[in-house]
Each structure stands twice: as structure tokens, then as C-alpha cells.
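Heads up, this note's numbering is the position in the sequence shown plus 37, with the first residue counted as 1. No residue lacks a Cβ here, since even glycine has one placed at the ideal position from N, Cα and C. Heads up, the thing below is written out as C-alpha cells.
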Amino acid sequence: MTVKTPLSVAIQLVLLALLFACQPKQTEQVNYQAPQCIEGQSECQVVLPIGHAAVSFNLARITAETPFDIVVTIESAADITKVSGYLEGVNMYMGKIPLFSDEMMKSDDEDSLNVVFNTQLGSCSAPQMRWQAWLIVEYLDDSNKAQETRFSIEFPSYQY
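Right, dumping it as C-alpha cells:
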């Protein structure tokens, strides 16, 4: 019969704890939805000098480190050439997070434009953050001169 010393028992317990601690991370199911205005969003519709813009999200609750879409729909007869933007933290400065879009789709009647920005937010020590999305719409006026208009909306995000 072998006698186990307190040191060997302690080592075995540490190894056992490490074995169970190294389980694969459980991934949380993300429930994407049709884009809509979310709770806590400052504005859903914005009046622009060239028409109207609607800003919506494909998640009901924005959480850190979870990809999501910001969908901007612009109703305008103007010749829109580009829509760009960035995010800034309102209650904590986290730098400017650029928004990138692979899609800029015009409707069949050419008076509506959809732009989808896919992004995600980094985790922060605060359980809730407020973000400001700055959006820049570039267009050609009636004399074919390049113009731009800017607007912003705020929305919340959560740590979990």
C-alpha cells in the first residue's frame, strides 16, 4: 500500500482543478432579427437636408464582442455617392471605431438606399455603455457639386 503525502495530494488536486478549468468556452446563441429600432436608441428616424434616414439594428440588445449590423436606410432623391461613419463611446472614450460597409443597395425606384455596416464593440469594465454612431452622407447636389451631411444617434450596449 502506498502512502500519499500531503504534497502529492495537493498536486493531484491542482491538476484535477486545471483539467476541469480548461473546458471549451460555451458559446452563447446570438438571435439575429430583422433590423429594427432598439430600446434605448436616441432616434430611429432622422430628418436630413436631402430627405429622411432610418437607423436600425439586427440585434435587440447589443453586447460586447458580438458582431451586429447597423442598417441605415435613406429616403432621398439626391444622388448619394457614399455613406460612411464611425462609433464613439459617450460615457467612456474608447477611440473612434470606423464603420465599414460592403453593401450600398438602391431600391428599384432609386429613391431609397440601404447601407449595412457590420461591426462589433470591445468589452469594457462598465456593465453598460452609451455609444454615438456618427454617419456621413456624401451626395451630388443639383449642380453636380459634392456635398455632405452628417448626423448621429446614440444607443446602449451591455457587457453581457
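Beta-bridge pairing of residue i - partner residues as DSSP gives them
i, result
"E191", "Q169"
"D116", "L177"
"T100", "Y195"
"T110", "A91, N151"
"Y123", "P135, W171"
"M142", "N151"
"V84", "H89"
"Q184", "Y176"
Inter-residue Cα distance where the pair is residue i and residue j
i, j, result
"Q60", "P135", "Reliability of the predicted coordinates at Q60 is poor, the pLDDT of 49 falling under 50, and the value obtained from them is presented with this limitation in mind. The alpha-carbon atoms of Q60 and P135 are separated by roughly 35 angstroms."
"M117", "A90", "For the record, residue 117 in the displayed sequence is Ile; it is not Met. Approximately 12 angstroms between the Cα atoms of the pair."
"E191", "I99", "12 angstroms"
"I111", "G88", "7 angstroms"
"K62", "Y197", "Because K62 carries a pLDDT of 49, less than 50, the predicted location of this residue cannot be relied on, and the following value inherits that uncertainty. Going from the Cα of K62 to the Cα of Y197 covers about 15 angstroms."
"L124", "L44", "54 angstroms"
"S149", "V67", "29 angstroms"
"R187", "A170", "10 angstroms"
"A75", "V92", "Note on residue identity: the sequence assigns Ile, not Ala, to residue 75. If you take the alpha carbons of I75 and V92, they lie about 10 angstroms apart."
"D179", "T156", "34 angstroms"
"S189", "Y176", "17 angstroms"
"M142", "V127", "30 angstroms"
"G122", "D146", "25 angstroms"
Residue i classed as buried or exposed, judged by whether at least 16 other C-beta atoms fall within 10 angstroms
i, result
"V152", "buried"
"S194", "buried"
"S144", "exposed"
"A97", "exposed"
"P154", "According to the sequence provided, residue 154 is Phe. The question's Pro does not apply to it. Result: buried."
"M166", "buried"
"I107", "buried"
"L172", "buried"
"A114", "exposed"
"F137", "exposed"
beta-carbon residue i near the ligand COA non-hydrogen atom, thresh 7 angstroms
i, result
"Q82", "The ligand content of the structure shown is nil, which means the ligand COA is not present either."
Query raised in the report: If we count Cβ pairs, one from each stretch, closer than 8 angstroms, do we get three or more for the stretch 71-87 versus the stretch 121-139?
Result: The stretch 71-87 vs the stretch 121-139: no contact.
Report task. Answer yes if the stretch 155-169 comes into contact with the stretch 68-75, meaning at least three C-beta pairs across the two stretches below 8 angstroms, and no otherwise. Result -> no
Report task. May I ask you to verify whether the stretch 177-188 touches the stretch 98-108, counting CB pairs closer than 8 angstroms and requiring at least 3? Result -> no
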